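Report on the structure given below.
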Amino acid sequence: MVLDVIEANLGAGLPEGMALLTVIPVRQDDGSPGFRLRGVCCCGDGTEFPKVYGRPRLELGSLVSGDGELPADVLSLMQIWSRTKTRLTRWLDRRLAAHGDRLQLVIWDDTGYRIPWELFWLENDSGRYEGWLGGIVTITRWLSIHTPWPEAVRDYRSAHTCTGPVATYIDGAMDHDLSLLSGYRIERSGSMYELTKALRADGDALALVYVAAHGEFGEQVSECTLGSLSLMHVDPMRFLRLKPSATFVFLNACHSGSLGYDTKWINDRVLRGFAEVFLRSGAAGVLATNGGVGDRLAHEMAGELLRRLRDTPGLSVAQAVRDLRAEAASLAPIDLAAVTGTAANKKLLTLLYRFMYVCYGSPRTQVIPDTAKGAR
40 MVLDVIEANL
50 GAGLPEGMAL
60 LTVIPVRQDD
70 GSPGFRLRGV
80 CCCGDGTEFP
90 KVYGRPRLEL
100 GSLVSGDGEL
110 PADVLSLMQI
120 WSRTKTRLTR
130 WLDRRLAAHG
140 DRLQLVIWDD
150 TGYRIPWELF
160 WLENDSGRYE
170 GWLGGIVTIT
180 RWLSIHTPWP
190 EAVRDYRSAH
200 TCTGPVATYI
210 DGAMDHDLSL
220 LSGYRIERSG
230 SMYELTKALR
240 ADGDALALVY
250 VAAHGEFGEQ
260 VSECTLGSLS
270 LMHVDPMRFL
280 RLKPSATFVF
290 LNACHSGSLG
300 YDTKWINDRV
310 LRGFAEVFLR
320 SGAAGVLATN
330 GGVGDRLAHE
340 MAGELLRRLR
350 DTPGLSVAQA
360 VRDLRAEAAS
370 LAPIDLAAVT
380 GTAANKKLLT
390 LLYRFMYVCY
400 GSPRTQVIPD
410 TAKGAR
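So, in structure tokens, the structure goes:
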């Protein structure tokens, strides 16, 4: 299992159709924070990108907020930032030429800059694969995981099939999400703490852990919450229920996928966040958000995703998320300069929210929950 981005032989064991892009934090010549890229593909094409890029300020959690930027301006900023990543664009173009729609891209980002790679604007001379990367390519994220028990971490290169019941905590304000799980055998907890307690105990294999709650994010562990439970208390936990067999985790809460370095208290250059805790415990994948998503849109996203997974056997979670992003992107205007006024900008929010959902883990993870008794 590959856990460290610096020491690993990243090209080893990549299955057919999979490529890996690593994003490594470095310092620029003037000492300011930056990053560099390295790409490797299953077909043996390894590329070192020599340029060091400066840290962008493109966190969707800040840009798409009440005091953030207009949606059209957010998308334009992403196009402007993407345009100068010329070597990356050509590398991605070669990967698509080699593997087409079967391409699976794992982005291993250890920077903590919360770069929205799914909104990288991919140029193409032919126009065939032009658009927002996360709507064209099946993408998952990875990060360096620090644990004395690396054997518990599931490999992002492997295919996983998650079966069993659904363990869930749904905040009272989001009770309508319970209807999305009505066809499945569920184990419901009354609070986020109760859910974590249940996951720390031994039990039958789970197909899915589903959380619908409020979340908050800050650089310090004390500023991050999920369902009113602080990351300060969750970070040391190990969810033993996830160890015996593959389980997928869907954290349908604001900022639940955001990762950061705690420089105030810990200062050890280790990325922390709720998604990392589940991956470290053995989750085969985590779907979470990198910003604030409204309750209605979060409910719609969960409903459409679960419906698509149910109706399309063999479809991985990451593929389904790609398809949902692509649908939202297809409804958005290509000419952003023509988007003016509040109403026109509001229509772009669906696109931004869909791309705010990020998958961690294997792009080959499938979820097949047990059906409830009497359900069809």
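Going by my numbering, the first residue of the sequence shown is number 40, and it counts up by one from there.
Glycine included, each C-beta is placed from N, C-alpha and C at the ideal position.
Predicted model only: the values in this text are computed from it and were never measured.
Taking a C-beta distance under 8 angstroms as the contact criterion, L114 and L375 qualify as a contact pair.
Annotation for R77: the continuous beta strand (DSSP E) segment containing it runs P72 to C80. Taking C-beta atoms as the reference points, L142 and A58 count as a pair closer than 8 angstroms. C-alpha of Y249 to C-alpha of T235: approximately 12 angstroms in a straight line. Taking A368 as the centre and dropping the five residues before and after it, the same chain places the C-beta of G170, W171, G174 and L390 closer than 7 angstroms to its C-beta, in chain order. In this structure Y399 touches G324 by the C-beta definition: roughly 6 angstroms separates them, less than 8 angstroms.
Here the region 76-87 makes no contact with the region 216-227; the two share fewer than three CB pairs at distances below 8 angstroms.
In the three-state scheme derived from DSSP, where H, G and I count as helix and E and B as strand, E108 is classed as coil.
E157: not part of any beta strand (DSSP E); DSSP gives it neither H nor E. In the same chain as Q67, and ignoring 5 residues on each side of it, the C-beta atoms closer than 7 angstroms to its own belong to G73, V91 and G93, in chain order. In this chain, the beta strand (DSSP E) harbouring I225 covers I225 to S228. Taking the Cα of L158 as reference, the smallest distance to any Cα among Y392, A377 and R346 is reached at Y392.
In the DSSP assignment, L60 falls within the beta strand (DSSP E) that extends over M57 to R66. Annotated as proximal: R193 and A322, with beta-carbon spacing under 8 angstroms. Counting along the chain, N291 sits inside the beta strand (DSSP E) bounded by residues F287 to N291.
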